[in-house]
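Student:
Protein chains: 2
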Amino acid sequence: MKILVVDDDPRLRDLVSITLERAGYQVVTARDGQMALTHAMRETPDLVVLDVGLPELDGLEVCRKLRARSDVPILFLTARDDEIDRILGLELGADDYVTKPFSPRELVARIKAILKRSSARGTATVLRYGPVELDAAGHSVRVDGAALALTATELSILRQLMQTPEAIVSRPQLIDAIYGAGSAVADRTLDSHLRNLRRKLAEQGWGSAIETVHGIGLRMGTWPG
Amino acid sequence: MKILVVDDDPRLRDLVSITLERAGYQVVTARDGQMALTHAMRETPDLVVLDVGLPELDGLEVCRKLRARSDVPILFLTARDDEIDRILGLELGADDYVTKPFSPRELVARIKAILKRSSARGTATVLRYGPVELDAAGHSVRVDGAALALTATELSILRQLMQTPEAIVSRPQLIDAIYGAGSAVADRTLDSHLRNLRRKLAEQGWGSAIETVHGIGLRMGTWPG
DNA sequence: AGCTCCCTGCACAAATTCTGCACAACCCAT
DNA sequence: ATGGGTTGTGCAGAATTTGTGCAGGGAGCT
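Residue numbers (our numbering), protein chains in the order written: chain A, 19 to 243; chain B, 19 to 243.
1. Mark B/P91 as exposed unless 16 or more other C-beta atoms lie within 10 angstroms of its C-beta, in which case mark it buried.
2. Residues in the region 150-172 of chain A with C-beta within 8 Å of chain B's C-beta atoms, listed in sequence order?
3. Is the distance from the Cβ of A/L212 to the Cβ of A/M180 below 7 Å?
4. Counting contacts by CB-CB distance shorter than 7 Å, is A/S121 in contact with chain B?
5. Find out if the Cβ-Cβ distance for the pair A/L72, A/F94 is shorter than 7 Å.
6. Determine the closest residue to A/V231 out of A/S188, A/S121, A/S174 and A/T169, with distance taken between C-alpha atoms.
7. Looking only at C-alpha atoms, which of A/Y147, A/G148, A/P149 and A/S174 sits nearest to A/H157?
8. Which bits of chain A does B/G148 rub up against, with CB to CB less than 9 Å?
9. Name the residues in the region 71-83 of chain A whose C-beta lies less than 8 Å from a C-beta of chain B; which are they?
10. Quick one: give me the first and last residue of the alpha helix (DSSP H) that B/S158 is part of.
11. Just reading off the alpha helix (DSSP H) that B/K118 is part of, what are its end residues?
12. What ranges does the beta strand (DSSP E) occupy inside the region 149-223 of chain B, keeping only unbroken runs of at least 3 residues that lie completely in it?
13. Between which residues of its own chain and B/Y147 is the CB-CB distance below 7 Å, once the five residues before and five after are set aside?
14. Do A/T171 and A/A154 have their CB atoms nearer than 7 Å?
15. Report yes or no: do three or more beta-carbon pairs, one from the region 219-227 of chain A and one from the region 31-42 of chain B, lie closer than 8 Å?
16. Could you give the distance in angstroms between the alpha-carbon of B/S210 and the alpha-carbon of B/K218?
17. Under 6 Å Cβ to Cβ from B/T117, same chain only, skipping five residues before and after it: list those, please.
18. In the DSSP assignment, find the unbroken alpha helix (DSSP H) run with A/R237 in it and report its ends.
19. Reducing DSSP to helix, strand and coil, say where A/V231 ends up.
20. Which of helix, strand or coil does DSSP assign to A/T56?
21. To which residues of the same chain is A/L133 closer than 8 Å at the C-beta, ignoring the five residues directly before and after it?
22. Could you check which residue in A/L33, A/D26, A/T37 and A/V34 has the C-alpha nearest to that of A/Q15?
23. Could you tell me which chain B residues have their CB closer than 9 Å to the CB of A/E61, listed as they occur along the chain?
24. Does DSSP put B/A48 in a helix, in a strand, or in coil?
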């Protein structure tokens, strides 16, 4: 989980960073609104901790601009109570706020709560094609409801194929996607995994799910039924 | 609502006591760290007001010890600004702090805020999955109602896993979450704790609660029944 | 000081998965 | 039909990942 921390006060920035890093998050910092927007685009954080009282482009403005292009959860840091009213009044789509001074524990608790909510919202990690269901987070695959025990590599192959159903994926593409690009694994190796994967699918009665297109590549088949 | 006030200065103790009593709280006092711990155990206060600069066992130490067995909210009283850094930096789990000199009104306001928050957090501190119940506040775990004696690390692991049931948590993620990020604990160490945790679960008949997904991580299992 | 409990991590064993060779089977254009 | 290129299969050693026995060190309690 990556978190973008935006505050102009270096001490507070450090405090928050250290706290969050201890809590197991990856942290990126920005010291003003402009930088915040740049980083938000480039780093695609999972959450933004945003100070309201930024110089120049203030926090509320940054929030509005962020919301224009992303649904990233936002947690505001506010110094004074009257700032809270502005946040609430403006309905900017902030997810929560914490008033300074705050305790690290509190901050982490709030962040966890937000992330939990937003991950509950976005259960879109499940790929589905025909009777095959692939849950990336749980590393689990079900066929007609029955769980399939796949190894990491097998699952990786299946995911690639399911990401573009009905489209043909070439072998080099697959290999690049599974191992990094420019890896030197033999073509036969891919075949081995492919075989195991097919065998496991076949045990559930879907042996023909992955079809070979000779000389071109592989694809998650056009479903028979 | 019962509040424990810990300070070695009798005048300040009285001031705080009277202020709080006027605000409608029941007050218990202690003049040193040792006494504070004793009272905290016996009286189970709803909040502790703790002076940082105590003789002998200092406030930070008291806080740490309290945290070892309870989640009671803690409000620090600090004399100097540099003490604040220590509180925040150490991430002891304090909920707020007030610098001396402070106004009685300020103190009461902070206390109200903390109590409000902690009651709002309220009953959501219990994680449950299958027959396993984890009560973060009480540091206790029950399986089919039977209490399980877990060490701090074991509990930490279990909590991480239960926070995202059915999802896989990688070993690095677990290690980052339990110790700070970027810590250098051996992989085997995690295994050791894991083994102990599993053994204890097995004694209650749920040895398979935590399953291993080879090469990926661990997960709080898909429940058998 | 002595005792207990917990954390940490080494050395080794066990389990699981990955890789790729040798060869057979297959597809398609000529 | 035939030959060259492509894909599937049996198999086994290599490599990685995970589990276990065990022990030293340190914190806390009496």
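Ideal Cβ positions, reconstructed from N, Cα and C, are used throughout, including at glycine.
Here the structure is a predicted model, which means the values were calculated and not measured.
Tutor: Considering the structure as presented:
1. buried
2. A155, G156, H157, S158, A165, T169 and A170
3. no
4. yes
5. no
6. A/S188
7. A/S174
8. Within 9 Å Cβ-Cβ: nothing; B/G148 doesn't reach chain A, min ~15 Å.
9. none
10. Segment S158 to V161 is the beta strand (DSSP E) holding B/S158; no alpha helix (DSSP H) there.
11. Run containing B/K118: none; DSSP gives neither H nor E here.
12. 150-153, 158-161 and 164-166
13. M180, P183 and M238
14. no
15. no
16. 13 Å
17. T96
18. No alpha helix (DSSP H) holds A/R237; the beta strand (DSSP E) holding it covers G235 to M238.
19. strand
20. helix
21. M19, D64, L65 and P91
22. The requested residue 15 of chain A is not part of the displayed model; chain A covers only 19 to 243.
23. What A/E61 touches in chain B: nothing, since even the nearest Cβ is about 16 Å away.
24. strand
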